[in-house]
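Trainee: Here it is: the structure, laid out below.
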Amino acid sequence: MVSRSGDPNILALVCAWHPLTAADNAGEDGCTYSAKATVVAVECAGRVTTAALLKALAGRPDGVLVAACGRGDCHYSNGNESCEKVVEETREIMRVAGIDPARLGFDLSSDVDGRRFASLIDGFSEDISKLNGRAAGRARAVRKPARTRSGKRTTKRVSPKKKVATKRATGRKKVTPKKKTAAKRATGRKKAAPKKKTAAKRATGRKKATPKKTTAAKRAPSTRKTAKRATAKKKSATKSRRAKSTGRK
Amino acid sequence: MLEETIQRTKAYYCLECGICTGSCPVSRYHPDFSPRLMVERALLRAEGLALEDREIWSCLTCGTCSARCPSLVDYNEFTRSTRVAARKDGHPGVDTHAGTVLAFMELQTKGAGERDLSWIADDLRTSRKGKVLFFTGCLPYFGVVFRDYGVDAVGMANSTIRLMNAAGVRPVVSPAERCCGHDPYWTGDAETMKTLARRNLRMIEESGARKVVFACPECYAMFKLVYPDFFGRLKFEVAHVTEFLAASVAKGKLAFGEMEGTVTYQDPCRLGRYAGVYDEPRELLAAVPGLELVEMPRARAEALCCGSSGWVSCTRVNKRIQLERLTEAAGTGASTLVTGCPKCNIHLACAARDGDIDDPIEIRFVTDLMAEALGT
């Protein structure tokens with residue numbers, strides 16, 4: 030587990046029974062996982078609808094991960110299996126809409142081991158990083174001929190900042206070692222990446238930045254958070270449930 | 112908020128004659144719903160009552176009341192703009208299909224990339240640039256969501272392209288296409304519609320198309336009647352696929368083989384009462400030798416709605432409207448009910464598979480039937 034500033038934004042919808050217990054245990058065991066992963070508990074994976082997933086995707090995260098209890102272990106008998114169908118349908122809709130279906134991850138497991146949960150998040154995060162890198166490469170490849178083919182409109186739409194960013198990226202490609210460019214390419218999706226960077230820079234530079242921005246900037250240097258901190262809030266809420274769940278196991 | 116709505120829709124002309132409620136397909140089964148009362152509440156300036164009323168989401172916006180109103184009050188627009196106000200006031204409707212349909216429409220305003228076009232059958236000819244563009248609308252999405260309903264929406268899009276090919280046209284099908292915004296617009300979300308519309312207009316301009324053909328009458332009505340209100344006169348012609356094909360038949364570019372059978376035709380509200388296209392679909396069906404068209408008692412401007420619209424109301428009441436229409440269609444003695452709208456097809460097919468009526472009539476989209484008559 031290597032910490033990287035270019036970790037993708039991940040939304041993890043986690044069933045409140047086994048997977049959330051795993052997330053809690055990750056905190057207790059002091060495991061770390063990507064700080065860009067937002068863990069949201071849902072009462073049951075079966076409650077996650079296609080519409081909810083599509084709305085989550087409309088918020089433009091880099092990836093959405095759904096974690097459900099293992100087969101035969103659903104507290105509400107078959108929520109995990111109906112969730113599987115929902116994920117399948119959503120992936121099909123994503124394919125039609127031109128979003129890579131691999132950006133929607135699905136995990137069926139009743140393993141409450143914290144380390145497994147941390148590596149699940151990190152593994153998905155890594156897969157999405159690779160996708161982001163590929164998408165950025167495709168965007169560059171597409172943008173070049175478009176610019177030469179129909180001059181005016183394309184040049185208008187590409188803002189000067191973005192142009193500089195892409196030029197810089199391609200320019201440095203030769204000089205810097207592979208890993209660095211990979212990390213740079215991995216920053217978010219093609220359009221969001223340059224903007225985010227400048228926003229972060231601006232925030233640290235100026236004193237008058239809004240409180241939200243400053244906290245974001247303060248947090249920015251250390252991109253890893255311990256799972257403990259991340260799940261601390263949920264702990265009290267899930268304590269009784271966890272006792273039930275682990276007691277049952 | 113309602114004042115402007117009253118002025119624009121001329122609701123103040125209401126004579127309280129009750130023709131609207133008497134003609135409303137929803138009021139027939141749901142006595143609490145009354146277009147007359149809705150207007151009355153607004154005229155009494157009872158804004159809170161008007162906006163919190165759940166029944167504004169029960170309206171099908173089918174246009175039967177508007178077509179019959181002696182005072183020419185525009186009820187459809189009245190419903191739509193009350194919905195805009197209600198949504199702003201925190202009283203949105205309850206989305207049907209667990210919100211999936213409206214969610215993928217919203218997704219197309221943000222997040223969605225270039226559409227996948229792999230659904231187009233291998234033997235069909237399409238192009239990236241050209242004079243005629245086929246606007247597929249949400250058909251590829253419906254293909255995923257409504258597969259379990261026994262509706263092949265992708266097949267409808269393919270059969271439309273097949274017919275256009277047969278008429279000697281190689282249509283543009285663009286991956287940059289977006290939903291037309293009909294459903295967000297009619298459920299009070301004009302902003303989503305505007306975002307989608309801007310993208311569509313840019314896509315059409317970039318494709319160089321001079322004519323845009325629609326399989327879905329809702330997309331067609333949006334382009335023909337609503338987009339010009341927001342974006343000025345369109346720089347291209349619009350045509351529903353039945354209009355386009357009927358013109359091709361008249362010019363002798365398209366001919367059909369023999370096909371035995373008796374069919375009846377469901378006038379979609381957007382194509383009929385909204386856009387005024389009644390004859391072309393019938394001319395097209397008449398162009399098939401051996402095919403007999405029988406009319407239902409309520410046809411053309413009097414046609415009964417398919418029972419649902421905008422993905423905001425699907426209750427016992429809607430089902431009863433659909434069953435009434437299916438029974439009426441079967442009563443003509445026809446073996447097939449031909450629809451001019453993919454959504455009518457979806458709604459009626461859904462009611463037919465519920466098992467409330469024995470041996471329901473077969474329901475087919477017009478291009479599916481016509482492509483079969485091509486003999487391909």
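Protein chains in written order, with the numbering used here: chain P, 30 to 278; chain L, 112 to 487.
Built from N, CA and C at the ideal position, the CB exists for glycine as well.
Alpha carbon to alpha carbon, how far is G129 of chain L from I117 of chain L?
Mentor: Residue 129 of chain L sits at position 18 when you count from the first residue of the second sequence. Residue 117 of chain L sits at position 6 when you count from the first residue of the second sequence. Straight-line Cα distance between these residues: approximately 18 Å.
Trainee: Identify each residue in the stretch 125–139 of chain P for which the Cβ-Cβ distance to at least one residue of chain L is less than 7 Å, and report them in chain order.
Mentor: Under the 7 Å Cβ criterion, the stretch 125–139 of chain P contributes V125, A126, G127, I128.
Trainee: What is the rounded straight-line gap between the Cα of G108 of chain P and the Cα of G387 of chain L?
Mentor: Numbered from its first residue, the first sequence carries residue 108 of chain P at position 79. Numbered from its first residue, the second sequence carries residue 387 of chain L at position 276. Taking the straight line joining both Cα atoms gives about 48 Å.
Trainee: Please state whether the Cβ-Cβ distance between H208 of chain L and V428 of chain L is less than 8 Å.
Mentor: In the second sequence, residue 208 of chain L corresponds to position 97, counting from 1. In the second sequence, residue 428 of chain L corresponds to position 317, counting from 1. No, they are not a contact pair.
Trainee: Against chain A, with Cβ distances strictly below 8 Å, would T211 of chain L count as a contact?
Mentor: Among the protein chains in the structure shown, which are P and L, there is no chain A.
Trainee: What are the complete beta strand (DSSP E) segments, minimum 3 residues, inside the stretch 43–71 of chain P?
Mentor: Complete beta strand (DSSP E) runs here, min 3: 61–63, 66–71.
Trainee: What residues from chain L crowd round A74 of chain P, counting only those whose CB sits closer than 7 Å?
Mentor: Looking up residue 74 of chain P in the first sequence gives position 45. Within 7 Å Cβ-Cβ: nothing; A74 of chain P doesn't reach chain L, min ~15 Å.
Trainee: Quick check: the Cα distance between K257 of chain P and V255 of chain L, rounded to an integer number of angstroms?
Mentor: Residue 257 of chain P sits at position 228 when you count from the first residue of the first sequence. Residue 255 of chain L sits at position 144 when you count from the first residue of the second sequence. Low local confidence applies: a pLDDT of 46 at K257 of chain P is under 50, so the model's placement there is unreliable, and no value is given.
Trainee: For R163 of chain P, go through chain L and note every residue whose CB falls closer than 8 Å to its CB, in chain order.
Mentor: Working through the first sequence from its first residue, we reach residue 163 of chain P at position 134. Neighbours of R163 of chain P on chain L: none; closest Cβ ~13 Å, over 8 Å.
Trainee: Can you have a look at L183 of chain L and say buried or exposed, based on whether 16 or more other CB atoms are within 10 angstroms of its CB?
Mentor: In the second sequence, counting from the first residue as 1, residue 183 of chain L sits at position 72. Counting Cβ neighbours within 10 Å, L183 of chain L comes out exposed, since fewer than 16 surround it.
Trainee: Between which two residues does the beta strand (DSSP E) containing T373 of chain L stretch?
Mentor: The residue you call residue 373 of chain L lines up with position 262 of the second sequence. That run of the beta strand (DSSP E) goes 372–377.
Trainee: Identify, in the order they occur along the chain, each residue of the same chain with its Cβ nearer than 7 Å to the Cβ of E72 of chain P, setting aside the five sequence neighbours on each side.
Mentor: Translated into positions along the first sequence, residue 72 of chain P becomes position 43. Answer for E72 of chain P: A45, listed in chain order.
Trainee: How is D140 of chain P classed by DSSP in three states: helix, strand or coil?
Mentor: Along the first sequence, one-based indexing puts residue 140 of chain P at 111. D140 of chain P: coil per DSSP, three-state reduction.
Trainee: Listed in chain order, which residues of the stretch 247–263 of chain L have Cβ atoms closer than 7 Å to some Cβ of chain P?
Mentor: Listed by position along the chain: P251, Y252, V255.
Trainee: Residues of chain L with CB closer than 9 Å to the CB of A55 of chain P, please, in chain order.
Mentor: Locating residue 55 of chain P in the first sequence gives position 26, where the first residue counts as 1. Ordered by position in chain L, no residue passes the 9 Å Cβ test against A55 of chain P, which lies about 29 Å from the chain.
Trainee: Are any of the Cβ atoms in chain L nearer than 8 Å to that of A45 of chain P?
Mentor: As a working note, residue 45 of chain P is residue 16 in the first sequence. With 8 Å as the cut-off, A45 of chain P does not count as an interface residue toward chain L.
Trainee: Just how far apart, CA to CA, sit Y338 of chain L and E302 of chain L?
Mentor: Locating residue 338 of chain L in the second sequence gives position 227, where the first residue counts as 1. Locating residue 302 of chain L in the second sequence gives position 191, where the first residue counts as 1. Going from the Cα of Y338 of chain L to the Cα of E302 of chain L covers about 13 Å.
Trainee: To the nearest whole angstrom, what separates the beta carbons of D300 of chain L and R179 of chain L, a pair I think is in contact under 8 Å?
Mentor: In the second sequence, residue 300 of chain L corresponds to position 189, counting from 1. In the second sequence, residue 179 of chain L corresponds to position 68, counting from 1. With 8 Å as the limit, D300 of chain L and R179 of chain L do not qualify as a contact, their Cβ atoms being about 28 Å apart.
Trainee: Name the chain P residues that come within less than 7 Å of L218 of chain L, Cβ to Cβ?
Mentor: The residue given as residue 218 of chain L occupies position 107 in the second sequence. Here the neighbours are L83, L86, A87, A126.
Trainee: Ends of the beta strand (DSSP E) at T271 of chain L?
Mentor: One-based indexing of the second sequence puts residue 271 of chain L at position 160. It is not in any beta strand (DSSP E) - T271 of chain L instead sits in the alpha helix (DSSP H) that spans 264–277.
Trainee: Under the assumption that A412 of chain L contacts R384 of chain L (Cβ atoms under 8 Å), give the Cβ distance between them as a whole number of angstroms.
Mentor: Position 301 of the second sequence, counting from 1, holds the residue named residue 412 of chain L. Position 273 of the second sequence, counting from 1, holds the residue named residue 384 of chain L. At roughly 6 Å, the Cβ-Cβ gap stays under 8 Å, so A412 of chain L and R384 of chain L are in contact.
Trainee: Say whether chain P places a C-beta atom closer than 8 Å to the C-beta of E369 of chain L.
Mentor: Your numbering for residue 369 of chain L matches position 258 in the second sequence. No, E369 of chain L does not count as interfacial toward chain P.
Trainee: So which residues on chain L does T79 of chain P lean against when the C-beta distance must stay under 9 Å?
Mentor: If you number the first sequence from 1, residue 79 of chain P lands on position 50. Chain L residues near T79 of chain P: H208, A209, G210, T211, A214, F215, V256.
Trainee: Shortest alpha-carbon distance to R76 of chain P belongs to which of P:D58, P:A97, P:G92?
Mentor: In the first sequence, residue 76 of chain P corresponds to position 47, counting from 1. Ranking the options by Cα distance to R76 of chain P, first place goes to P:A97.
Trainee: Could you check whether the Cβ of R226 of chain L sits closer than 8 Å to any Cβ belonging to chain P?
Mentor: Here residue 226 of chain L refers to the residue found at position 115 of the second sequence. By this cut-off, R226 of chain L is an interface position.
Trainee: State the beta-bridge partners of S238 of chain L as determined by DSSP.
Mentor: The count along the second sequence starts at 1 and reaches residue 238 of chain L at position 127. DSSP output for S238 of chain L lists L:V283 as bridge partner(s).
Trainee: Below 8 Å on the Cβ atoms is my guess for L362 of chain P versus D136 of chain P; work out the distance and round it to an integer in Å.
Mentor: What the structure shows of chain P is the stretch from 30 to 278, and residue 362 of chain P is not part of that stretch, so it cannot be assessed.
Trainee: Going by C-alpha distance, which of L:K121, L:P408, L:A350, L:Q377 is nearest R475 of chain L?
Mentor: Working through the second sequence from its first residue, we reach residue 475 of chain L at position 364. Nearest option by C-alpha distance: L:Q377.
Trainee: Here's a check: name, in chain order, each residue in its chain whose Cβ is nearer than 6 Å to the Cβ of T247 of chain L, leaving out the five neighbours to either side.
Mentor: The residue given as residue 247 of chain L occupies position 136 in the second sequence. Within the same chain, T247 of chain L has close Cβ partners A268.
Trainee: Give a yes or no on whether 8 Å exceeds the smallest Cβ distance from K185 of chain P to chain L.
Mentor: Position 156 of the first sequence holds residue 185 of chain P. Residue placement at K185 of chain P cannot be trusted, given a pLDDT of 37 that sits under 50; what the coordinates show is reported in the next sentence. K185 of chain P does not count as touching chain L.
Trainee: From this set, L:Y260, L:I315, L:R258, L:A398, which residue's C-alpha is nearest P286 of chain L's C-alpha?
Mentor: Taking the second sequence and counting its residues from 1, the one referred to as residue 286 of chain L is at position 175. When only C-alpha atoms are compared, the closest one is L:I315.
Trainee: When DSSP labels each residue in this structure, what does K199 of chain L get in the three-state scheme?
Mentor: As a first step, residue 199 of chain L is located in the second sequence; it is residue number 88 there, counting from the start. Residue state, collapsed to three classes: helix.
Trainee: Please name the residue in L:S229, L:H458, L:A445 whose C-alpha comes closest to that of D470 of chain L.
Mentor: Taking the second sequence and counting its residues from 1, one reaches residue 470 of chain L at position 359. D470 of chain L has its Cα closest to that of L:A445, out of L:S229, L:H458, L:A445.
Trainee: D151 of chain P: buried (16+ other C-beta within 10 angstroms of its C-beta) or exposed?
Mentor: Numbered from 1 along the first sequence, position 122 holds the residue referred to as residue 151 of chain P. Its Cβ being crowded by 16 or more others within 10 Å, D151 of chain P is buried.
Trainee: Any beta carbon of chain L sitting closer than 8 Å to that of P48 of chain P?
Mentor: Position 19 of the first sequence holds residue 48 of chain P. No, no contact with chain L.
Trainee: For chain P, find out if any of its Cβ atoms is closer than 8 Å to the Cβ of A460 of chain L; answer yes or no.
Mentor: Stepping through the second sequence from its first residue, residue 460 of chain L is reached at position 349. It does not: the Cβ of A460 of chain L has no partner Cβ on chain P nearer than 8 Å.
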